[in-house]
Amino acid sequence: MQNYQDFLAEILIDEAAIQARVAELGRKISSEYAPGDLLLICILRGGVPFMVDLSASISIPHMIDFMAVSSYGVGRRESSRAARVTLDLQTDIQGMNVILVEDIVDSGHTISAVLQMLETRQPKTLKVCALLDKPERREAEVPIHYLGFTVPNKYVFGYGLDIDEYYRNLPFIGVADLDRYKPPA
Ligand code: 5GP
């Protein structure tokens, strides 16, 4: 795998800006929910760093759970239209205040499919918290109740977002120059 410096076009959002915004979202969520019946659902794998930092910045007691849906696979950079649940929740969400935590809303198909599926389980409330929004690519209308940043129509990576499954660990959001990027053999 190439060093990311070889295909990094620019750092779009640096670590300090991410941490400040996540802390702000955590404070907002803490002020809008009653303690106890809040559940954060992280969509694997891109939402993990965001979920961890967001949960740490929420000051009221809450639970976390995880689910996985198929969307972008290795070697593909186009959004899939039909999201398939590949790992389901361990928690019964009926009557719970649920916030779906996602790395990025791009076409909107993933979140839209997950929201429809979760609605059938009758949560008390169901909201979306996305770190990034790429509105130029939207095909399915989705509500984003809590948003970190709006980003341009470019391929971004870092802080949970991968490039062929690598570099989710970077503390910043970078733009990839796909002309300089060589996929792993
Ligand atoms: P959507 O269904 O909204 O098109 O796709 C959402 C998923 O596509 C995200 O959860 C993310 O995994 C992936 N995705 C969309 N845009 C980007 C991007 O610019 N970079 C990366 N790494 N993943 C993206």
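Each residue of the sequence shown is one higher than the one before, starting from 0 at the first, in numbering that gives the first Met the number 0. For glycine and all other residues, C-beta sits at the position ideal for the given N, C-alpha and C. Note that the coordinates shown come from a computational prediction; the quantities given were computed from them, not determined experimentally.
Can you look up I9 in the DSSP assignment and give me helix, strand or coil? In the sequence as presented, Ile is not what sits at residue 9; that position holds Glu. In the structure shown, E9 adopts extended strand secondary structure according to DSSP, grouped into three states.
Give every residue of the same chain whose Cβ lies closer than 6 Å to the Cβ of F65, excluding the five residues on either side of it in the sequence, and list them in chain order. So the list reads C41 and L43, once near-sequence residues are dropped.
The alpha helix (DSSP H) with T109 in it runs from where to where? DSSP places T109 inside the alpha helix (DSSP H), whose first and last residues are H108 to E118.
Cβ atoms of L169 and V100: under 8 Å apart, would you say? Not in contact: V100 and L169 (Cβ atoms no closer than 8 Å).
Looking at the unbroken alpha helix (DSSP H) that takes in F49, where does it start and where does it end? Element bounds for F49: V47 to S56.
Mind checking which residues open and close the beta strand (DSSP E) that includes L186? Given that the chain is displayed from residue 0 to residue 184, the structure contains no residue 186 and the question cannot be resolved.
Do V97 and T124 have their C-beta atoms closer together than 8 Å? Against a cut-off of 8 Å, the Cβ pair of T124 and V97 comes out as a contact.
Reducing DSSP to helix, strand and coil, say where R83 ends up. R83 falls in the strand class under three-state DSSP.
Verify whether the separation of the beta carbon atoms of G159 and D102 is less than 8 Å. Yes, they are a contact pair.
Mapping the DSSP letters down to three states, classify E164 as helix, strand or coil. In the three-state reduction of the DSSP assignment, E164 falls in the coil class, being assigned neither a helical nor a strand state.
Shorter than 7 Å, the distance from the beta carbon of S106 to the closest heavy atom of ligand 1, or not? Yes, ligand 1 has a heavy atom inside 7 Å of this Cβ.
Is it the case that the region 126-135 contacts the region 150-159, given that we only count it when at least three CB pairs across the two stretches are under 8 Å? With the cut-off at 8 Å, the region 150-159 and the region 126-135 touch.
Going by beta-carbon coordinates alone, are T85 and A67 separated by less than 8 Å? Cβ distance < 8 Å, so T85 and A67 count as in contact.
Give me, in chain order, the residues of the same chain whose beta-carbon lies closer than 6 Å to that of R167; leave out the 5 immediate sequence neighbours on both sides. Sequence-distant partners of R167 (beyond 5 residues in either direction) whose C-beta falls short of 6 Å from its own C-beta, in its chain, are G159 and D161.
Among K126, V155 and D87, which residue has its Cα nearest to the Cα of L177? When each option's Cα is compared against that of L177, the closest is V155.
Check V141 in the structure and name its three-state DSSP category. The answer is coil: DSSP assigns V141 none of H, G, I, E or B.
Please tell me whether K126 and H108 are closer than 8 Å, where the distance is taken between their beta carbons. Pairing K126 with H108 gives a Cβ-Cβ distance that is not under 8 Å.
Which of the three DSSP states is assigned to L39 in this structure? Strand, per DSSP.
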